[in-house]
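Numbering (the working numbering), first residue to last: 514 to 821. Structure first, then comments.
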(Lines of atoms letter the chains of each structure in order from A and count residues from 1; the text may use other names and numbers.)
(Lines give C-alpha, C1' and ligand atoms only; values in the text may rest on other atoms or scores of the structure.)
Protein backbone atom coordinates (compact mmCIF):
# COMPACT_ATOMS: atom_id res chain seq x y z
CA UNK A 1 0.00 0.00 0.00
CA UNK A 2 1.27 3.45 -0.90
CA UNK A 3 2.02 6.04 1.78
CA UNK A 4 -0.52 8.88 1.64
CA UNK A 5 0.86 12.41 1.41
CA UNK A 6 -0.54 15.94 1.25
CA UNK A 7 0.81 19.14 -0.26
CA UNK A 8 0.27 22.66 1.07
CA UNK A 9 0.86 25.42 -1.48
CA UNK A 10 -0.84 25.42 -4.87
CA UNK A 11 1.81 27.48 -6.68
CA UNK A 12 4.52 26.34 -9.09
CA UNK A 13 6.44 24.15 -6.65
CA UNK A 14 3.44 22.47 -5.07
CA UNK A 15 1.79 21.75 -8.40
CA UNK A 16 4.95 20.33 -9.97
CA UNK A 17 5.47 18.16 -6.90
CA UNK A 18 1.92 16.81 -7.11
CA UNK A 19 2.43 15.82 -10.73
CA UNK A 20 5.80 14.24 -9.98
CA UNK A 21 4.37 12.09 -7.21
CA UNK A 22 1.54 10.95 -9.47
CA UNK A 23 3.74 10.14 -12.45
CA UNK A 24 6.91 8.85 -10.86
CA UNK A 25 6.40 7.49 -7.37
CA UNK A 26 5.75 3.83 -6.70
CA UNK A 27 5.52 4.35 -2.95
CA UNK A 28 3.61 7.64 -2.45
CA UNK A 29 0.04 8.73 -3.20
CA UNK A 30 -1.23 12.33 -3.19
CA UNK A 31 -4.28 12.27 -0.94
CA UNK A 32 -4.87 16.02 -0.49
CA UNK A 33 -3.80 19.36 -1.94
CA UNK A 34 -4.28 22.63 -0.05
CA UNK A 35 -3.97 26.27 -1.06
CA UNK A 36 -5.55 29.64 -0.35
CA UNK A 37 -6.63 30.71 -3.84
CA UNK A 38 -9.61 28.72 -5.13
CA UNK A 39 -8.88 29.94 -8.66
CA UNK A 40 -5.24 28.81 -8.68
CA UNK A 41 -4.24 26.52 -11.50
CA UNK A 42 -2.79 24.06 -9.00
CA UNK A 43 -6.04 23.52 -7.09
CA UNK A 44 -8.10 23.34 -10.27
CA UNK A 45 -5.70 20.82 -11.78
CA UNK A 46 -5.68 18.73 -8.61
CA UNK A 47 -9.47 18.61 -8.56
CA UNK A 48 -9.53 17.46 -12.19
CA UNK A 49 -7.10 14.70 -11.27
CA UNK A 50 -9.35 13.45 -8.49
CA UNK A 51 -7.33 14.75 -5.53
CA UNK A 52 -9.19 16.11 -2.49
CA UNK A 53 -8.63 19.88 -2.41
CA UNK A 54 -9.22 22.85 -0.14
CA UNK A 55 -8.71 26.59 -0.57
CA UNK A 56 -8.74 27.10 3.22
CA UNK A 57 -5.06 26.42 3.77
CA UNK A 58 -3.86 24.39 6.75
CA UNK A 59 -7.23 24.61 8.51
CA UNK A 60 -9.00 23.26 5.45
CA UNK A 61 -6.48 20.45 5.14
CA UNK A 62 -7.07 19.31 8.70
CA UNK A 63 -10.83 19.33 8.11
CA UNK A 64 -10.62 16.99 5.10
CA UNK A 65 -11.80 13.41 5.82
CA UNK A 66 -8.63 12.03 4.25
CA UNK A 67 -6.34 13.96 6.63
CA UNK A 68 -6.31 11.21 9.26
CA UNK A 69 -4.64 8.76 6.87
CA UNK A 70 -1.94 11.17 5.66
CA UNK A 71 1.56 10.35 6.90
CA UNK A 72 3.72 13.01 5.22
CA UNK A 73 2.92 16.64 4.41
CA UNK A 74 4.96 18.75 1.99
CA UNK A 75 4.93 22.50 2.70
CA UNK A 76 5.50 24.53 -0.49
CA UNK A 77 4.24 27.88 0.82
CA UNK A 78 6.57 30.45 2.38
CA UNK A 79 9.09 30.65 5.19
CA UNK A 80 6.79 32.96 7.15
CA UNK A 81 3.84 30.57 6.93
CA UNK A 82 5.82 27.42 7.59
CA UNK A 83 6.40 28.03 11.31
CA UNK A 84 2.65 27.88 11.95
CA UNK A 85 2.14 24.95 9.58
CA UNK A 86 4.90 23.00 11.30
CA UNK A 87 3.39 23.42 14.77
CA UNK A 88 -0.04 22.35 13.59
CA UNK A 89 1.10 19.37 11.57
CA UNK A 90 3.44 17.99 14.20
CA UNK A 91 0.70 18.32 16.81
CA UNK A 92 -1.28 15.93 14.58
CA UNK A 93 1.64 13.51 14.32
CA UNK A 94 2.47 14.22 10.68
CA UNK A 95 5.96 14.09 9.21
CA UNK A 96 6.81 17.36 7.50
CA UNK A 97 8.97 18.05 4.44
CA UNK A 98 9.70 21.76 4.23
CA UNK A 99 10.30 23.19 0.74
CA UNK A 100 10.55 26.75 2.09
CA UNK A 101 13.74 28.34 3.47
CA UNK A 102 12.30 28.37 7.01
CA UNK A 103 14.91 25.82 8.10
CA UNK A 104 13.15 24.59 11.23
CA UNK A 105 14.29 21.03 10.69
CA UNK A 106 17.71 19.71 9.62
CA UNK A 107 18.98 20.60 6.15
CA UNK A 108 18.56 17.71 3.73
CA UNK A 109 20.47 17.30 0.46
CA UNK A 110 19.83 13.69 -0.65
CA UNK A 111 23.26 12.66 -1.99
CA UNK A 112 25.08 14.37 0.89
CA UNK A 113 22.80 13.88 3.90
CA UNK A 114 22.04 10.25 3.19
CA UNK A 115 19.83 8.79 5.92
CA UNK A 116 21.13 11.12 8.66
CA UNK A 117 18.05 13.38 8.76
CA UNK A 118 15.29 10.94 7.88
CA UNK A 119 14.17 10.31 11.48
CA UNK A 120 13.46 14.02 12.08
CA UNK A 121 9.82 15.09 12.34
CA UNK A 122 10.56 18.01 10.02
CA UNK A 123 13.24 18.06 7.32
CA UNK A 124 14.22 21.15 5.36
CA UNK A 125 15.04 20.95 1.64
CA UNK A 126 17.13 24.17 1.83
CA UNK A 127 16.60 25.97 -1.52
CA UNK A 128 16.80 25.24 -5.24
CA UNK A 129 20.26 26.84 -5.33
CA UNK A 130 21.32 24.77 -2.36
CA UNK A 131 20.09 21.53 -3.90
CA UNK A 132 22.07 22.29 -7.07
CA UNK A 133 25.33 23.52 -5.55
CA UNK A 134 25.85 22.01 -2.10
CA UNK A 135 26.54 18.54 -3.55
CA UNK A 136 29.45 20.10 -5.45
CA UNK A 137 30.81 21.87 -2.36
CA UNK A 138 30.63 18.55 -0.50
CA UNK A 139 32.36 16.76 -3.38
CA UNK A 140 35.28 19.18 -3.21
CA UNK A 141 35.34 19.17 0.59
CA UNK A 142 35.62 15.39 0.83
CA UNK A 143 38.95 15.69 -1.00
CA UNK A 144 40.31 18.95 0.46
CA UNK A 145 38.94 21.21 3.21
CA UNK A 146 36.91 24.03 1.68
CA UNK A 147 37.70 27.25 3.54
CA UNK A 148 35.26 29.40 1.57
CA UNK A 149 32.50 28.53 -0.89
CA UNK A 150 30.39 30.97 -2.90
CA UNK A 151 27.49 29.98 -5.12
CA UNK A 152 25.54 31.96 -7.68
CA UNK A 153 22.16 30.59 -8.77
CA UNK A 154 20.70 32.17 -11.90
CA UNK A 155 17.09 31.29 -12.69
CA UNK A 156 14.57 32.45 -15.27
CA UNK A 157 12.38 35.19 -13.90
CA UNK A 158 9.31 33.38 -15.22
CA UNK A 159 10.10 30.35 -13.07
CA UNK A 160 10.08 32.38 -9.85
CA UNK A 161 6.58 32.61 -8.42
CA UNK A 162 5.42 34.91 -5.62
CA UNK A 163 6.58 32.49 -2.92
CA UNK A 164 10.13 32.43 -4.29
CA UNK A 165 10.19 36.21 -4.63
CA UNK A 166 8.96 36.69 -1.07
CA UNK A 167 11.74 34.47 0.26
CA UNK A 168 14.82 36.04 -1.37
CA UNK A 169 16.43 37.04 1.94
CA UNK A 170 15.70 33.66 3.48
CA UNK A 171 17.08 32.01 0.33
CA UNK A 172 20.48 33.62 0.72
CA UNK A 173 20.70 33.07 4.48
CA UNK A 174 19.51 29.46 4.46
CA UNK A 175 21.66 28.47 1.48
CA UNK A 176 24.77 30.05 3.00
CA UNK A 177 24.25 28.21 6.30
CA UNK A 178 23.66 24.90 4.51
CA UNK A 179 26.84 25.36 2.46
CA UNK A 180 28.62 25.25 5.79
CA UNK A 181 26.64 22.67 7.77
CA UNK A 182 26.00 20.20 4.94
CA UNK A 183 28.61 21.12 2.32
CA UNK A 184 31.38 21.34 4.90
CA UNK A 185 32.80 24.75 3.97
CA UNK A 186 34.14 26.85 6.81
CA UNK A 187 32.28 29.83 5.39
CA UNK A 188 29.59 30.02 2.70
CA UNK A 189 27.91 32.72 0.66
CA UNK A 190 24.90 32.51 -1.68
CA UNK A 191 23.64 34.83 -4.41
CA UNK A 192 20.47 34.44 -6.48
CA UNK A 193 19.82 36.13 -9.83
CA UNK A 194 16.36 36.35 -11.41
CA UNK A 195 17.13 36.60 -15.10
CA UNK A 196 14.40 38.34 -17.18
CA UNK A 197 15.88 37.25 -20.54
CA UNK A 198 13.55 36.20 -23.35
CA UNK A 199 13.37 33.42 -24.24
CA UNK A 200 13.86 32.26 -20.63
CA UNK A 201 17.24 30.74 -19.82
CA UNK A 202 17.71 27.34 -18.24
CA UNK A 203 18.87 27.40 -14.63
CA UNK A 204 22.61 27.96 -14.30
CA UNK A 205 24.68 27.61 -11.13
CA UNK A 206 28.27 28.59 -10.46
CA UNK A 207 30.22 27.17 -7.52
CA UNK A 208 33.50 28.67 -6.35
CA UNK A 209 35.51 26.82 -3.70
CA UNK A 210 38.75 27.90 -2.05
CA UNK A 211 40.38 24.80 -0.64
CA UNK A 212 43.69 23.30 0.34
CA UNK A 213 46.00 22.58 -2.57
CA UNK A 214 45.75 18.97 -3.68
CA UNK A 215 45.64 16.76 -6.77
CA UNK A 216 43.19 18.35 -9.23
CA UNK A 217 42.38 15.02 -10.86
CA UNK A 218 41.08 13.71 -7.53
CA UNK A 219 38.78 16.72 -7.12
CA UNK A 220 37.60 16.44 -10.71
CA UNK A 221 36.73 12.77 -10.21
CA UNK A 222 34.88 13.54 -6.97
CA UNK A 223 32.82 16.27 -8.64
CA UNK A 224 31.93 14.06 -11.59
CA UNK A 225 30.90 11.21 -9.30
CA UNK A 226 28.61 13.59 -7.40
CA UNK A 227 27.05 14.86 -10.63
CA UNK A 228 26.18 11.29 -11.58
CA UNK A 229 24.61 10.72 -8.17
CA UNK A 230 22.39 13.81 -8.48
CA UNK A 231 21.42 12.71 -11.98
CA UNK A 232 19.78 9.59 -10.53
CA UNK A 233 16.85 11.78 -9.46
CA UNK A 234 17.43 14.93 -11.58
CA UNK A 235 18.39 13.72 -15.09
CA UNK A 236 18.81 17.28 -16.40
CA UNK A 237 21.60 18.09 -13.92
CA UNK A 238 24.95 18.41 -15.68
CA UNK A 239 28.33 20.08 -15.87
CA UNK A 240 28.25 22.94 -18.35
CA UNK A 241 32.00 22.77 -18.94
CA UNK A 242 35.15 21.22 -17.51
CA UNK A 243 35.95 21.84 -13.84
CA UNK A 244 38.33 24.81 -13.63
CA UNK A 245 41.35 25.07 -11.31
CA UNK A 246 43.57 27.99 -10.33
CA UNK A 247 46.45 27.80 -7.87
CA UNK A 248 46.87 30.85 -5.66
CA UNK A 249 50.36 31.21 -4.18
CA UNK A 250 51.52 32.81 -0.94
CA UNK A 251 52.92 35.77 -2.85
CA UNK A 252 49.51 36.72 -4.28
CA UNK A 253 47.24 35.39 -1.54
CA UNK A 254 43.54 36.18 -1.76
CA UNK A 255 42.02 37.98 1.23
CA UNK A 256 38.81 36.43 2.57
CA UNK A 257 36.99 39.15 4.57
CA UNK A 258 34.56 36.74 6.28
CA UNK A 259 37.46 34.72 7.67
CA UNK A 260 39.78 37.72 8.10
CA UNK A 261 42.65 35.84 6.51
CA UNK A 262 44.65 35.62 3.33
CA UNK A 263 44.13 32.46 1.35
CA UNK A 264 46.74 30.47 -0.54
CA UNK A 265 45.76 27.20 -2.14
CA UNK A 266 43.41 25.97 -4.85
CA UNK A 267 40.43 27.77 -6.37
CA UNK A 268 37.91 25.36 -7.88
CA UNK A 269 35.20 26.69 -10.23
CA UNK A 270 32.30 24.49 -11.28
CA UNK A 271 29.66 25.56 -13.80
CA UNK A 272 26.34 23.72 -13.80
CA UNK A 273 23.14 23.65 -15.80
CA UNK A 274 19.87 22.21 -14.50
CA UNK A 275 17.24 21.40 -17.09
CA UNK A 276 13.81 20.55 -15.75
CA UNK A 277 11.73 17.53 -16.67
CA UNK A 278 8.84 19.86 -17.69
CA UNK A 279 6.24 18.06 -15.60
CA UNK A 280 4.49 21.38 -14.96
CA UNK A 281 6.58 24.36 -16.04
CA UNK A 282 8.80 24.38 -19.16
CA UNK A 283 12.21 22.73 -19.05
CA UNK A 284 14.03 26.00 -18.36
CA UNK A 285 12.66 25.86 -14.78
CA UNK A 286 15.38 23.55 -13.51
CA UNK A 287 15.22 25.37 -10.18
CA UNK A 288 11.69 24.07 -9.70
CA UNK A 289 12.58 20.58 -10.88
CA UNK A 290 15.59 20.02 -8.62
CA UNK A 291 13.68 21.18 -5.55
CA UNK A 292 10.64 18.98 -6.11
CA UNK A 293 12.77 16.03 -7.23
CA UNK A 294 14.85 16.23 -4.05
CA UNK A 295 11.71 16.47 -1.92
CA UNK A 296 10.19 13.47 -3.67
CA UNK A 297 13.36 11.41 -3.22
CA UNK A 298 13.46 12.34 0.47
CA UNK A 299 9.79 11.50 1.05
CA UNK A 300 10.19 8.11 -0.60
CA UNK A 301 13.14 7.29 1.66
CA UNK A 302 11.21 8.42 4.76
CA UNK A 303 8.22 6.32 3.71
CA UNK A 304 10.35 3.25 3.11
CA UNK A 305 12.09 3.66 6.47
CA UNK A 306 9.17 4.67 8.68
CA UNK A 307 6.00 3.35 7.06
CA UNK A 308 6.95 0.32 4.99
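The beta-carbon is built from N, C-alpha and C at its ideal position, and this holds for glycine as well.
- In this structure, the alpha-carbon of residue 691 lies about 21 Å from that of residue 814.
- Under DSSP, residue 722 shares a beta bridge with 662 and 781.
- Secondary structure note for residue 546: it is in no alpha helix (DSSP H), and the uninterrupted beta strand (DSSP E) holding it is 541 to 547.
- Taking the C-beta atoms as reference points, residue 592 is found nearer than 8 Å to residue 613.
- For residue 684, the enclosing alpha helix (DSSP H) begins and ends at 681 to 694.
- Straight-line spacing of the CA atoms in residue 714 and residue 552 works out to 28 Å.
- Unbroken beta strand (DSSP E) runs of no fewer than 3 residues, entirely contained in the region 597 to 671, are found at 608 to 611, 635 to 637 and 659 to 669, following chain order.
- Annotated three-state conformation of residue 790 is coil, per DSSP.
- Membership of residue 525 in the alpha helix (DSSP H) is indicated by the continuous run 525 to 537.
- When secondary structure is reduced to three states using DSSP, residue 752 falls in the strand class.
- Your pair residue 589 and residue 565 does not check out as a contact, with CB atoms roughly 17 Å apart and the cut at 8 Å.
- Residue nearest to residue 806 within the set 777, 771 and 624 is 624 (criterion: CA-CA distance).
- In the same chain as residue 665, and ignoring 5 residues on each side of it, the C-beta atoms closer than 6 Å to its own belong to 704 and 719, in chain order.
- Between residue 609 and residue 635, the C-beta spacing is below 8 Å.
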